[in-house]
Every structure is written in C-alpha cells, then in structure tokens.
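Under the numbering used here, think of the first position of the sequence shown as 439, with each following residue one higher.
Each residue gets a CB set at the ideal place from its N, CA and C atoms; glycine is no exception.
Given the structure is predicted, the values throughout are model-derived calculations rather than measurements.
Written below as structure tokens is the structure these notes are about.
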Amino acid sequence: MDIQTDLLKQIQELEEENSEQSLIPIHVLKTAQEHVDGELEERLVKAKNDSSGQRIVLIPYNLGNFHLTGIYIKFQTNGSVERAEFINPVREHNGIPDQLQQSFNTIFQRFHLQLRKCEQPGGQKISGHLTKKYLLALVKETAFITDSSPTMTNETTQLTNRQEEEEEQQQQQQNIDRPLYS
C-alpha cells in the first residue's frame, strides 16, 4: 500500500469538491520507516524547512510488521508549530514510541507531539487504511481557511442592537424615576 499516493489523491479530490473554499497548503511526505536510521529525522527536518508560512504536513510512519501510523503537523503563518499529533490506530498500542517522541523533540524543541485518540482502533493489518482515514479527517477539520473577521453588515447590526438595548434601558430607568402621580 502506498499511503502517500493515496493521501495525495484524496486531498486533491477534497480540493476539487471544495473548490469555492481555500485550503491551507498540504504536503504529504514519503513514508518514514522506523527501522531505517535517520529517515524519520530527515522527514521531520524536511517538514520544518522545505516550506514556509501556514501549512499542514503529513508524514506516514511505518513501525514494521504492517503497523502503519501517521504524523500530522500544522504550522502557523510564522512557521512555528501550531499543532502536532501522532495517529496510531492499532488497539494494542496506545502511546507514542519513545524514539519518535525524542526525534520530534530534537527537531521541534518547543513543541510536544500529542497522541490522537482513534475512535475505532483496529489491528495492524488495517492500520494503513485507518491511519489514512484519521489523517484525512484531521485535514478536513483544520485545512480550510476561514475568514474570521466580521463583515461590516454584522458589525453594524451589532452596533444597532447595542444602541437599541441602551435606549430601552434608559427608557426603563426614566419610567422608574418618574413619580406615579403628578
């Protein structure tokens, strides 16, 4: 199974299905093999240095024996890590391997890799499918650029509503201060 190719294809489909929305740039790196010295560190350095600005980097990580996991890293506009998660969908394994955490901490000294809880863990033989599913879910959850600034109409409506509330409160206060009989 070539998870990198599958992820790239599904991300492209996501972009096409949501062409009216902007996506943060998404990079899918080649699978890092745990048993190959320096390969994980190489991918982490590539994730950190190959691009700048806001982006998402996905790194498939093969622990061996059909046990495929994934690393999700979201970078802020200034290039610092905003979020980093390790996806391990195998039910018998519920932690981050020490070597992975140490490598991550060496490259990203100010950020700690977090374990993503998988709601439907499975066995090692389906870990590739599940890892892909959870990485894509994270992308869908975090990759769309949203305009968080309120529109002028919304600001005007809020201002008008506040003014009306203040006027109503003043009117109520005047009614309280007015004598019952004149």
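Run the CB neighbour count on residue i, radius 10 Å, all protein chains shown included, and call it buried at 16 or more, exposed below.
i, result
"SER463", "The sequence given here has Pro at residue 463, not Ser. That one is exposed."
"LEU553", "exposed"
"LYS570", "buried"
"ARG548", "exposed"
"LYS423", "Past the edges of the chain, shown from 439 to 620, lies residue 423, and the structure says nothing about it."
"ILE583", "exposed"
"GLY502", "exposed"
"GLY508", "buried"
Put residue i into one of helix, strand or coil per three-state DSSP.
i, result
"GLU520", "strand"
"LYS570", "helix"
"LEU551", "coil"
"ALA575", "helix"
"VAL474", "coil"
"PHE513", "strand"
"ASN500", "strand"
Look at the Cβ atom of residue i, then the Cβ atom of residue j, and state whether they are nearer than 7 angstroms.
i, j, result
"TYR572", "ILE525", "yes"
"GLY517", "SER490", "yes"
"LEU461", "ALA575", "no"
Can a CB atom of chain C be found closer than 7 angstroms to the CB of residue i?
i, result
"VAL495", "Protein chains in the displayed structure number just one, and chain C is not present."
Between residue i and residue j, which are expected to be in contact by the criterion C-beta below 8 angstroms, what is the C-beta distance as a whole number of angstroms?
i, j, result
"LEU506", "SER565", "5 angstroms"
Subject >> Stretch-stretch touch, CB-based, cutoff 8 angstroms, three pairs: the stretch 522-541 with the stretch 558-576 >> reply: yes
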